[in-house]
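Undergrad: Protein chains in written order, with this note's numbering: chain A, 16 to 574; chain B, 2 to 213.
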Amino acid sequence: MAASPASVTRRKPEEIMRLERLGSMHQSRLSFMRILLRNLATEKWQIHQTLFDIDQSGVGRAVYTCQGPKRSYSLIAFAHEIPAEKRSDRVIAEAWDATFCLFDGIPLPEDIDRLEKNVPLQESGRITETELCLSRANRSVRLWNYVVESLASGQQPKIDQIQKVGYLMRTTAVYGSGKFGAADREILSDRSEMKAPFQAEMLTVYLIRNFVLDLVQHMANEIGGRKTVDLAPQVARQLGIGNSTGLGMAPFIINHPVLFNNWMVAREEAIARVRSIKFASEAKVLLFSKALKLSHKSIATWTSEHPVQRKKLGALHKDIKYLTEYINGFNWNQAQAWDQLFIWAKESLSIEGQEWLNSLILEPHAELVDSLEATLADNSNNAFCIDGSRPVGDIRSIIEKVYSWALEIDWSKSESSAHTWYTSEEKLEPRLGERFTEKLEPYERPLAPGRDAVLAYNDLRKRDKNEPIATFLLEHPEHRHALRRAQICNRTDYGEIQDNTIAANLFPVDMLRAKLSFFGATHFDPRSDRWVRITMFNGAPYPSELAAHYDDLWIYQGV
Amino acid sequence: MSFSMNEVESLSKLAARGAGYSWGLAEEAAKATRWLSSHNVDGCRALVNVLTLFDCTNTKSYQLNIDGNTWSSNGELLCPVTTGSYLSDYSSLLETQAININDLVEPIIFLFFASQFAKCKENTVSLTWSVNSVITDGYNTAFSLSGSKSSIKQNVLVKFSAEKPKLSKLQTRAEPQPEVWHKLRSFAARTYAPNTEQSRIGGAGAGLSDND
């Protein structure tokens with residue numbers, strides 16, 4: 016097999032950076048969960064439960080320590096008993112079934128005592144520089160009691176019941192990067208195991224999964240005594256961690272254009288490399304066929320009640336059938352067979368199906384894809400500075416190039432700016448309001464880059480083209496944010512979503528899905544247009560299984 | 002209480018926005034506050050002083066006037082965020098001669114912008130005002146501050162310097178006084194929309210059951 020990276024170029028941003036496509040993205044080898052487990056397995060990290068002090072009612076504390084070649088990290092878990100009416104995934108909740116933090120190193124008893132006073136309070140508590148993440152989770156009412164009762168009565172839970180939900184607990188937030196007093200991202204960014212994005216957050220969730228397994232077994236043992244059976248490993252494997260994500264996550268991909276660009280470039284580069292392969296080897300085709308079969312099974316268990324996702328899933332099921340038939344007669348011996356498959360998919364499959372296949376063709380090509388994980392982080396320190404010496408004429412040209420899509424929108428129409436992004440006084444979380452019926456405009460956040468670039472452009476057109484923008488900005492500080500952004504996005508092909516993020520027909524879950532797919536989430540289940548449920552780590556090996564036999568295709572082996 | 006630098010920057014941005022600065026300038030103010038905090042200077046207090054003075058004023062009445070190598074305000078005061086942003090954006094003036102800046106509020110905030118400018122120019126810049134002086138090359142900064150590190154309204158001399166600052170040891174946490182942090186929070190609170198039932202239900206998109 017030979018790869019010639021230059022022969023097929025990356026897809027154009029104007030094709031990729033559309034919300035409809037970003038909202039159809041799937042996990043891939045470059046997803047952060049997969050990077051984490053790959054590295055934990057390769058570096059032979061050892062993970063052990065070092066404390067499990069939980070009482071009969073399921074209340075107490077536990078610690079899981081993860082020891083690597085240079086450093087260790089510990090999940091500190093607090094299990095609680097809460098009344099059913101207090102259980103809510105919404106950010107307005109004030110009590111949870113379990114709360115967690117990721118500790119940098121091995122905690123002393125006094126650290127755990129200090130954290131027990133703060134972690135259960137979540138946003139109302141304080142953590143410190145020795146803590147990297149703060150999180151909480153709620154039981155799945157549907158599955159938790161069923162599994163406890165099954166095990167306690169000596170029965171394994173039925174796999175179809177497990178598949179209906181996919182997790183025993185779902186997290187409703189995983190905070191990192193200095194939030195609520197935690198260590199800043201910069202403290203971690205030089206550590207090899209934390210270089211890829213969100214590794215601390217992914218490790219937190221992975222360790223939570225282990226804790227949840229131990230907790231459910233503990234509760235079954237308490238009830239069933241000697242009758243109780245241990246949850247079978249093949250059943251346990253199917254259990255991931257659920258997650259409910261709301262609008263809090265949506266602004267992230269707008270607020271971090273360089274970072275998001277790097278993620279998109281890495282994935283597009285990976286796709287281009289595979290398309291550039293001159294001849295597909297038999298071994299790679301076999302591996303692809305295996306991943307295809309496994310993925311088909313996994314997608315069969317993906318359900319949603321939301322009409323938008325139901326429609327996309329219907330199309331995806333047809334696409335899988337169509338692709339499977341097409342592959343049967345496909346000539347793998349033709350030149351650039353992977354590219355031929357890509358071209359066929361582009362003409363034949365739905366956008367959801369295309370992006371699913373684009374992730375799948377990366378699977379057999381670890382040697383071309385995995386090294387791109389080093390390019391995912393944002394290490395640019397100078398992106399923030401504005402080059403004020405650039406003349407007005409140059410900046411107008413940049414806006415015409417980067418925001419051509421926005422210049423084509425008729426912003427005088429109410430449907431073009433129907434929404435307003437704002438932050439509520441109540442929970443300090445991003446929300447989306449109706450511009451023309453709610454009095455929210457004074458509180459608007461700068462999350463409509465297209466509109467703001469056009470507003471700046473209209474004022475720039477009134478100025479001499481040779482004037483430096485530094486003097487323009489002195490008179491027009493209101494355009495400073497937009498012009499900084501235009502300069503950043505001019506240097507990054509995929510930094511800007513090329514769609515209107517305040518349009519009447521905006522489906523905000525598209526923004527959540529784009530980010531969550533890079534995390535490695537599966538089974539996207541929008542619960543409204545503004546929040547989505549996903550599953551994480553289903554099918555993943557547990558810590559004790561990591562070193563012995565690590566299969567990179569675990570992601571397709573969960574429900 | 003100790004705060005992360007991310008907390009300092011996030012709150013400072015909202016505080017500056019709450020005091021009437023544009024989002025773009027609020028971002029500059031936040032970066033400056035974070036940078037000062039990491040250099041063990043009470044950036045939060047300096048920012049509170051600036052925001053209190055310029056609170057919701059029409060910044061145009063404090064417009065920067067440039068007359069040769071003298072920068073001054075067409076009001077009584079010059080804002081360090083606006084003036085500093087202009088310096089870090091663009092100043093061919095300093096290529097050839099020093100700049101005198103008159104009536105600059107909290108020169109220490111302006112220092113952040115001088116450091117960015119120095120980094121961009123790959124040179125060392127010195128700032129002197131009253132009995133204080135600072136040199137910075139954008140990577141390292143040496144302070145010689147007498148008395149209060151923060152001071153209201155000073156005449157400041159900015160020029161290139163042949164000196165090289167020693168390696169700076171950076172802080173990873175900030176410990177602003179509670180009343181300073183509280184004041185920043187009060188400014189920031191102006192950017193939050195009052196809660197309504199419509200926003201509680203619709204704004205976050207309630208939808209299907211979340212307890213199943």
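A virtual CB, placed ideally from N, CA and C, is assigned to each residue, including glycine.
Keep in mind that this is a model prediction, so the values were computed, not measured.
Is Thr125/B close to chain A? Criterion is C-beta to C-beta, closer than 8 Å.
TA: It does not; no Cβ of chain A falls within 8 Å.
Undergrad: Can you determine whether any heavy atom of the ligand PLP sits closer than 7 Å to the C-beta of Arg33/A, and answer yes or no?
TA: With respect to the ligand PLP, the structure shown offers nothing to examine, as it has no ligands at all.
Undergrad: Suppose the cutoff is 6 Å on Cβ atoms and the five residues either side in sequence are ignored; what does the same chain contact list for Ser73/B look like?
TA: Once the five neighbours on either side are set aside, the close Cβ partners of Ser73/B are Asn66 and Asn103.
Undergrad: Taking the C-alpha atoms as reference points, what is the distance between Arg288/A and Ala381/A?
TA: Distance between the alpha carbons of Arg288/A and Ala381/A: 11 Å.
Undergrad: Roughly how many whole angstroms lie between the Cα atoms of Tyr341/A and Ser304/A?
TA: Looking at the two C-alpha atoms, the distance is approximately 12 Å.
Undergrad: List the residues of chain C that Lys32/B touches, going by C-beta distances under 9 Å, in chain order.
TA: You won't find chain C in this structure, because its protein chains are A and B.
Undergrad: Determine, for Thr58/B, whether the minimum Cβ-Cβ distance to residues of chain A falls below 8 Å.
TA: No - not a single Cβ of chain A is within 8 Å of the one on Thr58/B.
Undergrad: For a minimum of 4 consecutive residues, which ranges assigned as the alpha helix (DSSP H) are wholly contained in the stretch 144-202 of chain B?
TA: For the stretch 144-202 of chain B, whole alpha helix (DSSP H) runs of length 4 or above, ordered along the chain, are 179-190.
Undergrad: To the nearest angstrom, how far is it from the Cα of Leu15/B to the Cα of Gln176/A?
TA: Cα to Cα, Leu15/B sits roughly 47 Å from Gln176/A.
Undergrad: May I ask you to report which of helix, strand or coil DSSP gives Cys57/B?
TA: Three-state result, Cys57/B: coil.
Undergrad: Going by DSSP, what residues sit across from Val126/B in a beta bridge?
TA: According to DSSP, which records beta bridges pairwise, Val126/B is partnered with Thr137/B and Phe161/B.
Undergrad: For Thr537/A, name the three-state secondary structure that DSSP assigns.
TA: Strand.
Undergrad: Do Ile100/B and Asn133/B have their CB atoms nearer than 8 Å?
TA: Against a cut-off of 8 Å, the Cβ pair of Asn133/B and Ile100/B comes out as no contact.
Undergrad: Going by beta carbon distance, what residues of the same chain come within less than 6 Å of Ile376/A, once the five residues before and after it are set aside?
TA: For Ile376/A, where only same-chain residues beyond five positions count, the Cβ hits under 6 Å are Val289 and Trp353.
Undergrad: Which of helix, strand or coil does DSSP assign to Phe97/A?
TA: Looking at the sequence provided, one finds Ile at residue 97/A rather than Phe. It is coil, neither helix nor strand.
Undergrad: Starting from Pro322/A, trace the alpha helix (DSSP H) in both directions and tell me its first and last residue.
TA: Counting along the chain, the alpha helix (DSSP H) containing Pro322/A begins and ends at Pro322 to Asn343.
Undergrad: Based on the DSSP output, what are the partners of Trp426/A in its beta bridges?
TA: Its beta-bridge partners do not exist; DSSP assigns none.
Undergrad: Please return the same chain residues whose Cβ sits closer than 6 Å to the Cβ of Ala519/A, not counting the five positions on each side in sequence.
TA: Excluding positions up to five away in sequence, the list reads Glu430 and Ala433.
Undergrad: Buried or exposed: which applies to Thr53/B, given that a residue is buried once 16 or more other Cβ atoms fall within 10 Å of its Cβ?
TA: Answer is exposed; the Cβ neighbour count stays below 16.
Undergrad: On the CB-based measure, 16 or more other CB atoms within 10 Å of its CB, does Pro20/A come out buried or exposed?
TA: Because Pro20/A sits at a pLDDT of 47, beneath the cut-off of 50, its placement in the model cannot be relied upon, and the following sentence gives the value as read from the coordinates. Classification for Pro20/A: exposed.
Undergrad: Report the residues of the stretch 146-179 of chain B with a CB closer than 9 Å to any CB of chain A, ordered along the chain.
TA: Against chain A - using a Cβ distance shorter than 9 Å - the residues of the stretch 146-179 of chain B are Thr173 and Arg174.
Undergrad: Contact criterion: CB-CB distance below 8 Å. Does Ala21/A meet it with respect to chain B?
TA: The pLDDT assigned to Ala21/A is 47, lower than 50, so where the model puts this residue is not dependable; a value taken from the coordinates is nonetheless given after this. Not closer than 8 Å to any Cβ of chain B, the Cβ of Ala21/A fails to qualify, so no.
Undergrad: Run down chain A in chain order and give the residues with a C-beta less than 8 Å from the C-beta of Gln117/B.
TA: Cys400, listed in chain order.
Undergrad: What number of angstroms, rounded off, separates the C-alpha of His494/A from the C-alpha of Ala471/A?
TA: C-alpha separation (whole angstroms): 6 Å.
Undergrad: Just the Cα atoms here: how many angstroms apart are Met16/A and Ser296/A?
TA: Since pLDDT at Met16/A reaches only 46, below the 50 mark, its modelled position is unreliable, and no value is offered.
Undergrad: Anyone know if the C-beta pair for Ser39/A and Glu367/A falls short of 8 Å?
TA: Closer than 8 Å, so yes.
Undergrad: Mind the definition here: the stretch 85-102 of chain A touches the stretch 220-228 of chain A only if three or more C-beta pairs lie below 8 Å; say whether that holds.
TA: Segments in contact, yes.
Undergrad: What does Ser74/B pair with, by DSSP beta-bridge criteria?
TA: Paired residue(s): Leu65/B.
Undergrad: Around the Cβ of Val469/A, are there at least 16 other Cβ atoms within 10 angstroms (buried) or fewer (exposed)?
TA: Per the 10 Å Cβ criterion, buried.
Undergrad: Using beta-carbon positions only, say whether Leu45/A and Arg200/A come within less than 8 Å of one another.
TA: No, these two residues do not count as a Cβ contact at 8 Å.
Undergrad: In terms of residue numbering, what span does the beta strand (DSSP E) encompassing Gln61/A cover?
TA: It spans Gln61 to Ile69 - the beta strand (DSSP E) in which Gln61/A sits, taken as one unbroken run.
Undergrad: Is Thr219/A near Ser150/A, with beta carbons less than 8 Å apart?
TA: Contact: yes.
Undergrad: Leaving out five residues before and five after Gln71/A in sequence, what residues of the same chain have Cβ atoms less than 7 Å from its Cβ?
TA: Only Glu237 meet the Cβ criterion.
Undergrad: Using DSSP with H/G/I as helix, E/B as strand and the rest coil, what is Ser87/A?
TA: In this structure, Ser87/A counts as strand in the three-state DSSP scheme.
Undergrad: Is Asn348/A buried or exposed, if buried means 16 or more other CB atoms sit within 10 Å of its CB?
TA: With fewer than 16 other Cβ atoms within 10 Å, it is exposed.
Undergrad: Shorter than 8 Å from the beta carbon of Leu185/B to some beta carbon of chain A?
TA: No, no contact with chain A.
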